[in-house]
Amino acid sequence: AISKLYDAWPQLLVNVEVTSTSGWDQGPRVKAALAHAEEALAGHGRLSARASGTQPLVRIMVEADSYPLRDTIAEEVVGAMLDEVGGRVYSKVDLTDDLGD
9 AISKLYDAWP
19 QLLVNVEVTS
29 TSGWDQGPRV
39 KAALAHAEEA
49 LAGHGRLSAR
59 ASGTQPLVRI
69 MVEADSYPLR
79 DTIAEEVVGA
89 MLDEVGGRVY
99 SKVDLTDDLG
109 D
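With this note's numbering applied, the sequence shown corresponds to residues 9 to 109, in that order.
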């Protein structure tokens, strides 16, 4: 199984429901949170943040070499979004072990 070939890093997907996905990443707080996340994760993980193409959601996936780093970055980015864009957390899914066998 592929899951035996690597050590899974903690990965979290947060779906934020918004009124409109247009321009969700253009405000100063969100831009700053995304930039800080990229800097903090350099060499320690990755961030994927994008608007859904089919639902009024922004999907934020954070993968890091530790749970505390993953959770801190996710909270910062989601918090900035909720403060600046509005909306609500639609779902939160821990993907760490979801590759399966």
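Quick reminder that beta carbons are idealized off the backbone N, C-alpha and C, glycines included.
Keep in mind the model is a prediction, meaning the values are calculated, not measured.
Item, Value
"Could you please give the first and the last residue of the uninterrupted beta strand (DSSP E) stretch that includes Leu20?", "Gln19 to Glu25"
"Excluding five sequence neighbours on each side, which residues of the same chain lie with their C-beta closer than 8 Å to the C-beta of Arg58?", "Val66 and Arg67"
"What first and last residue would you give for the alpha helix (DSSP H) that runs through Asp91?", "Tyr75 to Glu92"
"Name the residue from Gly94, Gly53 and Glu47 whose alpha carbon lies nearest to the alpha carbon of Gly31.", "Gly94"
"Tell me, please, which residues DSSP counts as bridged to Ala57.", "Ile68"
"Any idea if Gly53 is buried or exposed, counting beta-carbon neighbours within 10 angstroms, 16 or more meaning buried?", "buried"
"Taking the alpha carbon of Ser49 as the reference point, which residue from Met89, Ser74, Ser99 and Tyr98 has its own alpha carbon closest?", "Contrary to the premise, residue 49 reads as Leu rather than Ser in this sequence. Cα-wise, what sits closest to Leu49 is Ser74."
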